[in-house]
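Chains as they are written, first to last, in my numbering: chain P, 3 to 155; chain Z, 19 to 132.
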């Protein structure tokens, strides 16, 4: 096991253009990761993501887009101090690479920087409460669905 | 940042030291000499690596004749490994959500076309 890098690959039955939108746009990011996301798809532009309620003890984490080349590559750095520019050594770098495959997309994700950042950063993200896990995520989705299910008389 | 944990991180980040931990686990312990015989590094280098592992609590030493005999501290090792797999499984969950969202969008687009 390489302790400095996380690598994952997943096949998605949707075109790269759709997958790129989902992994890169702040509105979609909020659906699969933090509770709020504020950034522009411009390399180097400073932004942030929020875990929890920003006005009630939530955690604001720096987030800077490194590369946005639709529909092939999206990368960003995060966890750097909010008053510093994101560079190697003060942040984790996440890269999404999209490859057309069949009728869908092969999505490859890598996260590097753990060795440089050290142990504390590696476990940091575990401490964020992701609203999209568990009942908080599923219950609001079950309700609208349930409303469409008709019970036969 | 916690200095002890950072040291634990870099101790386990080295491939030779991970190989040494594997050997110690398989053999149920060992000395610098016994490990040196199984690895392409000198006994002195092995002793140095053992010192690093000892300082972060991944191995424990007990006197054995003229040498020290080392055992893996399994609780500390489990702790180190668990932390990283937690980070990995967080990404597994995120990627599953990305997949579901993208495939739902595609499904809805197809329905509109029909």
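Idealized CB from N, CA, C, for every residue including glycine.
These figures come from a predicted structure and were not determined experimentally.
Point to revise | Contact check, residue 43(Z) vs residue 90(Z), beta carbons under 7 Å | key: The residue given as residue 43(Z) occupies position 25 in the second chain. The residue given as residue 90(Z) occupies position 72 in the second chain. The answer is yes: Cβ separation under 7 Å.
Check your understanding: Going by Cα to Cα distance, which pick from 82(P), 34(P) and 99(P) is closest to residue 91(P)?
Key -> Mapped onto the first chain, residue 91(P) falls at position 89. Residue 82(P) is the option with its Cα nearest to residue 91(P).
Review point. When you check each C-beta in the segment 27–54 of chain P against every C-beta of chain Z, which residues fall closer than 9 Å?
Key: 30, 33, 34 and 35
Check your understanding: Can you name the residues of chain P whose CB is closer than 7 Å to the CB of residue 120(Z)?
Key -> The count along the second chain starts at 1 and reaches residue 120(Z) at position 102. Near residue 120(Z) (Cβ distances below 7 Å), the residues of chain P are 14, 16, 20, 21 and 24.
Review point. Do we get a CB-CB distance below 7 Å when we pair residue 43(Z) with the residues of chain P?
Key: As a first step, residue 43(Z) is located in the second chain; it is residue number 25 there, counting from the start. By this cut-off, residue 43(Z) is not an interface position.
Check your understanding: Expressed to the nearest angstrom, what Euclidean distance is found between the alpha-carbon atoms of residue 60(P) and residue 113(P)?
Key -> As a first step, residue 60(P) must be located in the first chain, where it is residue number 58. As a first step, residue 113(P) must be located in the first chain, where it is residue number 111. The alpha-carbon atoms of residue 60(P) and residue 113(P) are separated by roughly 24 Å.
Exercise for review: Please determine if the segment 94–106 of chain P and the segment 64–76 of chain P are in contact, where contact requires at least 3 C-beta pairs separated by less than 8 Å.
Suggested key: yes
Exercise for review: Give a yes or no on whether the minimum CB-CB distance between residue 10(P) and chain Z is below 7 Å.
Suggested key: Reading the first chain from its first residue, position 8 is the one you call residue 10(P). Output row for residue 10(P): interface = yes.
Practice item. Return the first residue and the last residue of the beta strand (DSSP E) that residue 35(P) is part of. Key: On the first chain, position 33 is the one that residue 35(P) refers to. Note, residue 35(P): premise wrong, no beta strand (DSSP E); not H, not E.
Practice item. Could you tell me whether the Cβ atoms of residue 100(P) and residue 22(P) are closer together than 7 Å? Key: Along the first chain, read from residue 1 onward, the residue named residue 100(P) stands at position 98. Along the first chain, read from residue 1 onward, the residue named residue 22(P) stands at position 20. In this structure, residue 22(P) lies closer than 7 Å to residue 100(P) by Cβ.
Check your understanding: Taking the alpha-carbon positions, what's the residue 7(P) to residue 26(P) distance?
Key -> Indexing the first chain from 1 puts residue 7(P) at position 5. Indexing the first chain from 1 puts residue 26(P) at position 24. Taking the straight line from one Cα to the other gives about 21 Å.
Exercise for review: Taking 8 Å as the threshold, find out whether the segment 26–40 of chain Z comes into contact with the segment 60–67 of chain Z through three or more Cβ pairs.
Suggested key: yes
Practice item. Taking residue 112(Z) as the query, report the chain B residues whose CB atoms sit under 7 Å from its CB, ordered along the chain. Key: Although the question refers to chain B, the structure presented lacks it and instead comprises the protein chains P and Z.
Review point. Between which two residues does the beta strand (DSSP E) carrying residue 50(P) extend?
Key: Within the first chain, numbered from 1, the residue matching residue 50(P) stands at position 48. That run of the beta strand (DSSP E) goes 48–53.
Review point. Smallest Cα separation from residue 54(P): which of 88(P), 44(P) and 39(P)?
Key: Along the first chain, one-based indexing puts residue 54(P) at 52. Considering only alpha carbons, the answer is 39(P).
Exercise for review: List the residues that DSSP assigns as beta-bridge partners of residue 94(P).
Suggested key: The residue given as residue 94(P) occupies position 92 in the first chain. Answer is 80(P), bridged to residue 94(P).
Review point. Using the rule of at least 16 other Cβ atoms within 10 Å of the residue's Cβ for burial, across every protein chain shown, is residue 125(Z) buried or exposed?
Key: Numbered from 1 along the second chain, position 107 holds the residue referred to as residue 125(Z). Its Cβ having fewer than 16 others within 10 Å, residue 125(Z) is exposed.
Practice item. Ignore the nearest five residues each way along the sequence and tell me which others in residue 71(Z)'s own chain have a CB closer than 8 Å to its CB. Key: What you label residue 71(Z) is simply residue 53 of the second chain in a count that begins at 1. 29, 35, 38, 39, 77 and 88, listed in sequence order.
Practice item. For chain P, find out if any of its Cβ atoms is closer than 7 Å to the Cβ of residue 37(Z); answer yes or no. Key: Indexing the second chain from 1 puts residue 37(Z) at position 19. It does not: the Cβ of residue 37(Z) has no partner Cβ on chain P nearer than 7 Å.
Check your understanding: What does DSSP give as the partner residues of residue 41(P) in its beta bridges?
Key -> Locating residue 41(P) in the first chain gives position 39, where the first residue counts as 1. BP columns for residue 41(P) are empty, so no partner.
Check your understanding: Which bits of chain P does residue 117(Z) rub up against, with CB to CB less than 7 Å?
Key -> For the purposes of this step, residue 117(Z) is taken as the residue at position 99 of the second chain. Those are 12 and 14, listed as they occur along chain P.
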